[in-house]
Every structure is written in C-alpha cells, then in structure tokens.
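A.B. asks:
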RNA sequence: GGUCCUGUGGCCGAGUGGCUAGGCAGAGCUCUGCAAAAGCUCGUACAGCGGUUCGAAUCCGCUCGGGACCUCCA
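Numbering (this note's numbering), first residue to last: 39 to 549.
1) To test your reading of the DSSP string, which unbroken alpha helix (DSSP H) runs of 4 or more residues are found completely within the stretch 464–500?
2) What are the boundary residues of the beta strand (DSSP E) that includes residue 187?
3) Does the distance between the C-beta of residue 396 and the nearest non-hydrogen atom of the ligand NAP fall short of 7 Å?
4) Applying the criterion that 16 or more other CB atoms from any shown protein chain within 10 Å of the CB defines a buried residue, is residue 147 buried or exposed?
5) Apply the 10 Å Cβ neighbour rule to residue 410 and answer buried if 16 or more other Cβ atoms are within range, or exposed otherwise.
6) Compute the Euclidean distance between the alpha carbons of residue 512 and residue 528, then round it to the nearest angstrom.
7) Tell me whether the beta-carbon of residue 234 lies closer than 8 Å to the beta-carbon of residue 218.
8) Please go through the same chain and pick out, in chain order, the residues whose beta-carbon is closer than 7 Å to the beta-carbon of residue 178, but skip the five residues on each side of it.
9) Taking just the CA atoms, how far does residue 518 sit from residue 549?
10) Compute the distance between the beta-carbons of residue 79 and residue 331, then report whether it is under 8 Å.
11) Please return the same chain residues whose Cβ sits closer than 6 Å to the Cβ of residue 293, not counting the five positions on each side in sequence.
12) If I measure Cβ to Cβ from residue 171 and keep anything under 7 Å in the same chain, skipping five residues before and after, which residues do I get?
13) For the stretch 438–445 against the stretch 350–361, are there 3 or more C-beta pairs whose distance is under 8 Å?
14) If we call anything under 8 Å between Cβ atoms a contact, is residue 77 one with residue 333?
15) Given this structure, state the Cα-to-Cα distance separating residue 153 from residue 66, to the nearest angstrom.
16) List the residues that DSSP assigns as beta-bridge partners of residue 277.
17) Where DSSP assigns a beta bridge to residue 337, which residues make up the other side?
18) Sort 109, 244 and 160 by Cα distance to residue 137 and report the nearest one.
19) May I ask you to report which of helix, strand or coil DSSP gives residue 54?
20) I need the straight-line Cα distance from residue 532 to residue 394, nearest angstrom please.
21) How is residue 142 classed by DSSP in three states: helix, strand or coil?
22) Is the beta carbon of residue 166 sitting closer than 8 Å to the one on residue 111?
23) DSSP on residue 331, reduced to helix/strand/coil?
24) From residue 608 to residue 504, what does the alpha carbon distance come to, in whole angstroms?
25) Near residue 56, what residues of its chain come up, given a Cβ to Cβ distance below 7 Å and the 5 sequence neighbours on each side ignored?
26) Quick one: Cα of residue 117 to Cα of residue 123, how far?
27) Pick out the complete alpha helix (DSSP H) segments inside the stretch 121–205, 4 residues or longer, and give them in chain order.
28) May I ask you to list the residues that DSSP assigns as paired with residue 433?
29) Given this structure, state the Cα-to-Cα distance separating residue 91 from residue 322, to the nearest angstrom.
30) I'd like the list of long-range same chain contacts for residue 239, defined as Cβ closer than 7 Å, with 5 residues on each side in sequence excluded.
31) Residues in the same chain with beta-carbon distance under 7 Å from residue 432, minus the five sequence neighbours each way, listed in chain order, please.
32) Cutting at 6 Å between CB atoms, please list the residues of its own chain near residue 436, excluding the five before and the five after it.
33) In the DSSP assignment, the beta strand (DSSP E) including residue 63 goes from what residue to what residue?
34) Please name the residue in 298, 426 and 312 whose C-alpha comes closest to that of residue 306.
35) Suppose contacts are defined by Cβ-Cβ distances below 8 Å. Is residue 283 in contact with residue 84 by that definition?
36) Assuming residue 457 and residue 390 are in contact, meaning their beta carbons sit under 8 Å apart, how far apart are those beta carbons, in whole angstroms?
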C-alpha cells in the first residue's frame, strides 16, 4: 500500500515524488544534537519532523534505516574554524571529563525524546566513535587534491572543488563571490588558501582537552566531516534523505555535499529536507534572546513566559498543528488551544477503542461498560460511509503532500465527529456497515497512535475509576444528588470529567 | 549590505486561480436533576495599492510590516 509521497527537496527547491534508490529500503540521515547542553525546544521540533517522516515511511511499507548521530566532538564555539570545542569548553567550566558532559546531555536528550514519544533511530552513531573513518576521509581528500595541510590542520579546498566542475553553495543558494566579500577573515592572517575553505581536521593546542593522534599531528576532526563519514558508512555513498534544521543548510550541509561529492564522486543525498524554526513572539527561539524553553520547563510550567504547564503530548500535538517548513510561533494562547484539542483527540481514541460493531439485525448489544443499547433495524448511511472514506484518503493526501500534519490533523477531527456520534449513541455503528465502521476505527487509531505518535498520558487507575462510576450510578438512581456531585468533584480534582450520557456513564479527560 | 521566506477571521494555523481546511475562544439550539460532554447552526478572513484573468488569499509589480540565513545554533 505504498503511497505517492511528495517531499520538498531543498536542493531543487520543489516538491518531488519520493522514489528510494532501492525500494523497499530507505536510508534516512538526520543531524543530531551536539551534546554540550540541554536540548531545547527548537531542536525538538526538527527531530519531531523526522520522527513523523520515519513513522510515515514505515507505515506506508518502507524498510527504513534511520541514522541520527550524536555530535560529541569537533563542534566549535564561535568563529567557525577557530575557537574552543563546545564540549571541551563545558567540560572545563564544569570541571568534568568531556565524556561526562557528553553522557549527561545525551541522557537528557534521550529522556526528552522518550517523553515526547519519539521512536528511536535504527543507529545513533557518535563522532568520537568514528575517528578512524574521519582520518581516512581526510587522507583520501588530500590524495584527491581536494584538501591541503597547513600548519597541522587540514582544510577542504573549495577553489579546487569548483574547478573540478562542482558548485559549492548550490544547496543554500550562495554565490562564492558574495560569500567572499562578506567574510570576516583578513587576507594573509589565515592558514587557509581561501577564506571559505573549511577545516576537516584541526590541530589541537596543548590545552585542548579532546585530541587524537593523526598523520598531521595531534588534533581533532572538523564538525562537518563526521556526518559525511557516518552517513557513508551506514547508508552508502549515495542515500535517500538527509534532514536537519534550516539553520544547518549553510555551512554544515553545504560542506557535507562538498565532502561527499569530493570523496565518492557522487552526489551524496537525493532529497534534502529542512525544518523551519520555532519562534516566540515572532522571533527565533534562541538562548541569547532569553526566549528559549527547555522541554522540562514547558512540561513543568516553570518559566517566566509560561502561564501554566503543558504536557509532552500537548507539546507534540501543538508542533504537529503546523507544517514543518513553516515557522511556528509559541504562545500561551496557542498552547492552551492545543491542550484542549489534544485531549479531545485522546478522548476520542479512548472511546473508539471501546466501541464494537453491532449488526443491525441484533436487537441489543452490550458494550465494554456492560450497558445495553437497543438497535432497531438500521439501514446503511451511504453518504456517511463515503465521507469517512473520503476523509481517510484526505489524511493520506495530506501526509503525502510533504508531510502536511496540519491538514492531516484536520482530517482526524473530521473522523472524530463520527467517533463521538457513535459514542454518544447519536449514530448507530450499524449505519456505517461493517466495513465502514472497521475503517473508521482502524484508521482513527492508526493515524493517532502510529503515524502522529500521540498517546494517552495517564496514570489513572481504571479499576478505581470504574468503581467510582458504579457508585455514581447508584447515587444517581437514588437521586442523592449531593453524593453525585461529590463524585463529580472527585473526578474534576484529577482533571477528569464524568460523561453522563443517556445510554451509559463513562469518564474522560477534562478538556 | 547580500540571499531568501513571510503578512489569512478575536487567537493559532492549512490553503494546488473558481469548490466549507481544522483547532481554540464566542453566540444559539438539542440533551440533562443541575451540569458536563457531544452533535447541529452561526461569525463570512485573506497587509495596502495597482495589474493579468471570465474569475485571485492563491500569478505579476510597487509600497509598508515581520522574520531567517550570511558567525555557533535544530
């Protein structure tokens, strides 16, 4: 049941039909975090985009190898090829081993993603685990005349690369001359032949904590090189999809293209995907502006800009309500709206799971709550069935259209209407026919849980709750309304609500 | 300064030139011991000014506003 998925390819700047190199296999590489600090919400949005892609590709039948790396060396603070290693710097500041820093923030990263119900990648390689590959790549580039050693460091030679018929800058739309006039480096002060050349190996100063032996002396790998080496190793010289945040387009991904092309003589990536930024009051979420959130702050509400706590699933849902290539603005009003919308979706999920199909001929049925509902002769409502089929298809169309989760969620709400109508006994399941009902139930659950990755957030004890509901029912039939209201307050105190319907009594999450 | 994106109803957020996106908030109705929930109905939006077109939120131009990248960032 492979779907015609279209992906916006940053390289060609248009939507293209996704066709893997060797179906049903798909190679997906995503630039992971540099683990020198807590992962912030902006990072999370990018990884969420590719979590959805991973889920969707898998759902439509592909066998995906999803590689998402951990950068634990080589990413420098400050001016590109000069400055301290981000992890080394934190290690010094906190008086810890670099690998303690790496471990701490890797753990944080994993914990956050787990709370947000991310699927784990197939492989999560680290830069330090691939030093041999990186040193070999540097040697290879030197042999190919595309890199040169200078004072213990090795640089990628952009002029030579372009002289070989390539185009450095094609991904980000940069023109070399423009970049040159913008560069800050002064003539003659650099060890580079061209100010735009980037380091693939850096000489380490003696005080630099993280350094390794190499043919060019002690040093460490350049930031861009790890992704080239690890993607090549696990996905091949050319692979299907490479993703990351928009701010990685230049220079990081541009350099990856240059390295991969230089090393392997082939365009490394078929489809480049870039997710957009998260903004707060219209401005990019960033630490220097003081408007960035840690996931833990969002989940606890412990931040000056937040009026309340927003759960991981509310946050996930919120981010999915926009398309990944649009900027998404963070605000309390928007989040509150998402919280309610998310709970409605989940209450629907809880409801549909408990519903079963009853043929029209049957006089009555009992649902999971043990209540009887009469079912007079019902004819199939072809119009509703057709609408459900149309809506299901619209969900796929939305996902196929460059993962338009916003439109996909709109379809989920359209399905939710039918779920609720059945749940409230306003619509008889028999009116949808066996297939119609099965389609509704199966797709609602699959779309919510499998594709969008939304789940119930609950610690409720179902046995206790259903006992309380029994009491409620008794008091109600005895018309002891003060007790009835007492039980309602008990539920409300737990952010739950009693749904007192004609044909049954149930509980739900308060929206 | 260079490159690029963007401006949708009270709020958020989709929109392939003509066909109801969706959510939140708000109003009314149904149901109900009272509620809650849900269903139904309603608000008739596309920054401004021109242009192309039978027809534009959607294409083109200009003006104004917002943002991103160009330096580390997802």
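We treat Cβ as the ideally placed atom computed from N, Cα and C, and that holds for glycine.
C.D. replies: The short version:
1) 471–483
2) 185–188
3) Annotation note on the ligand NAP: not contained in the displayed structure, which lists no ligands.
4) Label assigned to residue 147: buried.
5) Its pLDDT being 45, under 50, residue 410 is placed unreliably in this model, and the coordinates cannot settle the point.
6) Spanning the two alpha carbons is a distance of roughly 16 Å.
7) Cβ atoms of residue 234 and residue 218: closer than 8 Å.
8) 301
9) 27 Å
10) yes
11) 236 and 262
12) 267 and 271
13) yes
14) yes
15) 23 Å
16) In the DSSP output, where bridge partners are listed per residue, residue 277 has 307.
17) In DSSP, residue 337 forms no bridge with anything.
18) 109
19) strand
20) If you take the alpha carbons of residue 532 and residue 394, they lie about 28 Å apart.
21) Annotated three-state conformation of residue 142 is helix, per DSSP.
22) yes
23) coil
24) With the chain represented from 39 up to 549, any question about residue 608 goes unanswered, as that position is not in the structure.
25) 43, 44, 45 and 309
26) Note that residue 117 scores a pLDDT of 45, beneath 50, so its modelled location is shaky; the value from the coordinates is reported in the next line. Those two C-alpha atoms are separated by around 11 Å.
27) 124–132, 136–153, 169–181 and 196–201
28) In DSSP, residue 433 forms no bridge with anything.
29) So the two alpha carbons sit approximately 24 Å from each other.
30) 176, 191, 192, 252, 254, 257, 259 and 260
31) 449
32) Correct list, in chain order: 442, 445 and 446.
33) 63–68
34) 298
35) yes
36) 5 Å
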